[in-house]
Ligand SMILES: NC(=O)c1ccc[n+]([C@@H]2O[C@H](COP(=O)([O-])OP(=O)(O)OC[C@H]3O[C@@H](n4cnc5c(N)ncnc54)[C@H](O)[C@@H]3O)[C@@H](O)[C@H]2O)c1
């Protein structure tokens with residue numbers, strides 16, 4: 011099929027490359043000429059494992075190209091809208107202006123009977139708004155196909171998704187055919203797009219627009235709830251002399267609960283979860299559902315509280331005052347295996363430490379080049395070994411494998427004081443303590459007290 015992907019960021023670039031790898035002819039459209047030029051060369055403009063190979067394959071087969079001109083999408087049968095829906099600058103709601111302008115720019119170029127499918131994460135009611143934008147073209151059908159990929163494993167998630175969700179308007183008869191462009195209707199068109207995935211048995215759910223719009227937000231709200239739940243329990247563990255890592259491991263072995271997203275630590279950030287739970291809260295407020303509204307407010311507050319808690323613990327480990335202390339922060343991206351620093355908890359904490367007068371050096375395997383320009387108060391080093399030099403306190407804030415596997419003996423040679431705050435609870439505390447390190451985590455005060463007693 012001929013397909014266009016409008017918006018080629020973390021979601022759209024992966025989606026376009028994946029569709030080309032399935033045999034479709036794909037054009038990716040983005041307003042950012044730098045991004046388009048890089049993608050056209052077969053190189054990802056951000057760090058995403060496996061994406062370079064997929065882009066290069068698309069380029070070599072001639073099935074994948076990129077452009078800044080929406081007219082180049084004109085001959086596509088299916089258009090996927092993948093532009094950003096960030097948090098509004100003045101409220102907690104989602105900013106839908108990029109979606110509206112993308113749809114408006116596409117409108118004059120749409121072929122007769124084309125299908126426009128949204129993939130961005132949106133509040134309920136967005137499809138109705140886009141129907142208004144496309145009202146001049148009643149022959150064009152709209153669908154919603156929310157995306158669940160995770161940065162860091164986005165290529166795998168796109169090639170083998172857990173499920174496909176189609177939001178469709180059951181009442182409207184459909185796209186393609188007249189003599190015989192094949193599929194009829196949004197469901198049939200999307201089945202054509204995802205034919206290899208469906209053949210491989212990936213579950214596909216068809217629902218109305220409101221359900222499709224809410225599924226993604228509800229899924230993210232649930233994941234955020236799990237993270238904030240275990241972090242709140244971590245506070246309880248600290249107060250009670252328990253260890254949250256042992257507690258969550260035991261809880262997670264119950265298949266009704268499951269261990270994923272049940273790991274206590276610094277909490278979530280990034281370009282999706284924080285803005286999605288705020289948008290979800292705003293939708294609940296608008297729709298008059300206070301239980302969801304209050305719930306999301308609490309989840310958000312617990313999550314942000316972990317950052318404050320980490321700063322307080324760092325001050326405690328520095329003897330009460332941060333001013334003038336040399337602190338090394340391991341990790342800048344919002345999570346491992348991506349260079350994305352949008353709402354990064356690590357950089358937020360690092361910046362607060364610097365605001366309190368600490369000399370903060372940050373390192374990260376991939377995100378230093380993006381971060382240094384935006385955080386003028388912080389010093390950046392590209393290698394952990396250099397960043398650790400003369401540190402009085404080390405904070406592990408993003409759990410890259412490289413930091414999980416740091417050797418406590420050699421790290422100990424570089425620092426001035428062997429004190430580490432493992433805000434992701436991933437280090438082998440006993441191995442570090444054996445090398446003379448004081449190790450603290452979040453929700454693991456019991457372990458620290460036991461070590462101190464020996
Ligand atoms: N990043 C993820 O892991 C992920 C996963 C699932 C869903 N989502 C959702 O996907 C959407 C996009 O997220 P992202 O992380 O890819 O954002 P992003 O900021 O990385 O990408 C958005 C892209 O859209 C482009 N753009 C903006 N206006 C445009 C227009 N009028 N025409 C063409 N291109 C335009 C931007 O230049 C940018 O490259 C959001 O709604 C997000 O919530 C993201």
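Residue numbers (our numbering): 11 to 464. For each residue, glycine too, the CB sits at the ideal point set by N, CA and C.
**Report entry** Contact under 8 Å by Cβ, residue 274 with residue 379
**Finding:** At a Cβ-Cβ threshold of 8 Å, residue 274 and residue 379 do not count as neighbours.
Query - Proximity of residue 121 and residue 84 at Cβ, strictly below 8 Å - result: Between residue 121 and residue 84, the C-beta gap is smaller than 8 Å, which places the two residues in contact.
Query raised in the report: Does the stretch 419-431 come within contact of the stretch 226-244, defined as at least 3 CB pairs closer than 8 Å?
Result: Because the criterion of three Cβ pairs below 8 Å is not met, the stretch 419-431 and the stretch 226-244 do not touch.
Query raised in the report: Anyone know if the C-beta pair for residue 346 and residue 409 falls short of 8 Å?
Result: Taking 8 Å as the Cβ cut-off, residue 346 and residue 409 qualify as a contacting pair.
Query raised in the report: Where do the ends of the alpha helix (DSSP H) carrying residue 285 lie?
Result: Element bounds for residue 285: 283-297.
Requested in this report: Please look up how many angstroms separate the CB atoms of residue 28 and residue 12, rounded, as I've assumed it's under 8 Å.
Outcome: That belief does not hold up - the Cβ atoms of residue 28 and residue 12 are roughly 16 Å apart, past 8 Å.
Query raised in the report: Based on the DSSP output, what are the partners of residue 154 in its beta bridges?
Result: According to DSSP, which records beta bridges pairwise, residue 154 is partnered with 128, 177.
Query raised in the report: In chain order, what residues of the same chain lie with their CB nearer than 6 Å to the CB of residue 360, ignoring the 5 residues before and after it?
Result: Spatial neighbours of residue 360 in its own chain (CB-CB distance under 6 Å, excluding positions within 5 residues in sequence) are listed in chain order as 339, 370, 372, 388.
Query raised in the report: Should residue 119 and residue 80 be called a contact, given that it needs their Cβ atoms to be closer than 8 Å?
Result: By the CB criterion at 8 Å, residue 119 and residue 80 fall inside the cutoff.
**Report entry** Spatially closest choice to residue 60 from 166, 94, 407, by CA coordinates
**Finding:** Among 166, 94, 407, the Cα nearest to that of residue 60 is on 166.
Query raised in the report: Taking just the CA atoms, how far does residue 237 sit from residue 258?
Result: About 11 Å.
Requested in this report: Could you check what DSSP says for residue 161 in three-state terms: helix, strand or coil?
Outcome: Shown here, residue 161 sits in coil according to DSSP, grouped into three states, outside any helix or strand.
Query - Integer-rounded CB distance, given that residue 49 should sit under 8 Å from residue 18 - result: With a Cβ gap of about 6 Å, residue 18 and residue 49 count as contacting.
Query raised in the report: residue 232: beta carbon under 7 Å from a heavy atom of ligand 1?
Result: No, the beta carbon of residue 232 sits no closer than 7 Å to any heavy atom of ligand 1.
Query raised in the report: Using the C-alpha atoms, what's the distance from residue 143 back to residue 149?
Result: C-alpha of residue 149 to C-alpha of residue 143: approximately 13 Å in a straight line.
Report task. Please indicate yes or no: does the CB of residue 62 lie closer than 7 Å to some heavy atom of ligand 1? Result -> Result no, Cβ not under 7 Å from ligand 1.
Query raised in the report: How close, in whole Å, do the beta carbons of residue 422 and residue 374 come, if the pair is a contact with beta carbons under 8 Å?
Result: With a Cβ gap of about 21 Å, residue 422 and residue 374 do not count as contacting.
**Report entry** residue 431 CB to nearest heavy atom of ligand 1 below 7 Å
**Finding:** Flag unset: Cβ of residue 431 not near ligand 1.
Query raised in the report: Between the beta-carbon of residue 248 and the beta-carbon of residue 453, is there less than 8 Å?
Result: Yes, Cβ-Cβ distance for residue 248 and residue 453 is below 8 Å.
Query raised in the report: What are the boundary residues of the alpha helix (DSSP H) that includes residue 108?
Result: Bounds of the alpha helix (DSSP H) holding residue 108 are 107-116.
**Report entry** Close-in-space but distant-in-sequence residues of the same chain around residue 197 (CB under 7 Å, 5 per side omitted)
**Finding:** The answer, listed in chain order, is 176, 178, 216.
Requested in this report: Kindly indicate which three-state DSSP category residue 184 falls into: helix, strand or coil?
Outcome: Caution applies to residue 184, whose pLDDT of 49 falls short of 50 and renders its modelled position unreliable; the model cannot decide the point.
Query - Residue interval of the beta strand (DSSP E) (run including residue 448) - result: Where residue 448 is concerned, the enclosing beta strand (DSSP E) stretches over 448-451.
Query raised in the report: So, are the CB atoms of residue 96 and residue 131 less than 8 Å apart?
Result: Not closer than 8 Å, so no.
Requested in this report: Can you give me the start and stop residues for the alpha helix (DSSP H) that residue 31 sits inside?
Outcome: Per DSSP, the continuous alpha helix (DSSP H) segment holding residue 31 begins and ends at 22-31.
Query raised in the report: For the 8 Å Cβ check, are there 3 or more pairs between the stretch 402-416 and the stretch 283-300?
Result: These segments do not touch.
Query - residue 336, DSSP secondary structure in three states - result: Strand.
Query raised in the report: Along the chain, where does the alpha helix (DSSP H) that runs through residue 326 open and close?
Result: It spans 300-327 - the alpha helix (DSSP H) in which residue 326 sits, taken as one unbroken run.
Query raised in the report: Does ligand 1 have even one heavy atom less than 7 Å from the beta-carbon of residue 45?
Result: At least one heavy atom of ligand 1 lies closer than 7 Å to the C-beta of residue 45.
Query - Per DSSP, the bridge partner or partners of residue 267 - result: DSSP, once it has assigned bridges, lists no residue as partnering residue 267.
Query raised in the report: How would you call residue 44, buried or exposed, if buried means at least 16 neighbouring beta carbons within 10 angstroms?
Result: A residue is called buried when at least 16 other Cβ atoms come within 10 angstroms of its Cβ; residue 44 does not meet this threshold and is exposed.
Query - Cβ separation of residue 308 and residue 337, assumed to be a contact under 8 Å, to the nearest whole Å - result: The C-beta distance from residue 308 to residue 337 rounds to 30 Å, too long to fall under 8 Å, and the pair is not in contact.
Query raised in the report: Residues bridged to residue 38 by DSSP?
Result: BP columns for residue 38 point to 15, 76.
Report task. Taking all protein chains shown into account, decide if residue 256 is buried (16 or more other Cβ within 10 angstroms of its Cβ) or exposed. Result -> With fewer than 16 Cβ atoms within 10 Å of its Cβ, residue 256 is classed as exposed.
Report task. Classify residue 170 as buried or exposed, calling it buried when 16 or more other Cβ atoms lie within 10 Å of its own Cβ. Result -> Under this definition residue 170 is an exposed residue.
Query raised in the report: Would you say residue 160 touches ligand 1, meaning its beta carbon is less than 7 Å from a heavy atom?
Result: Checking every heavy atom of ligand 1 against the Cβ of residue 160, one is found closer than 7 Å.
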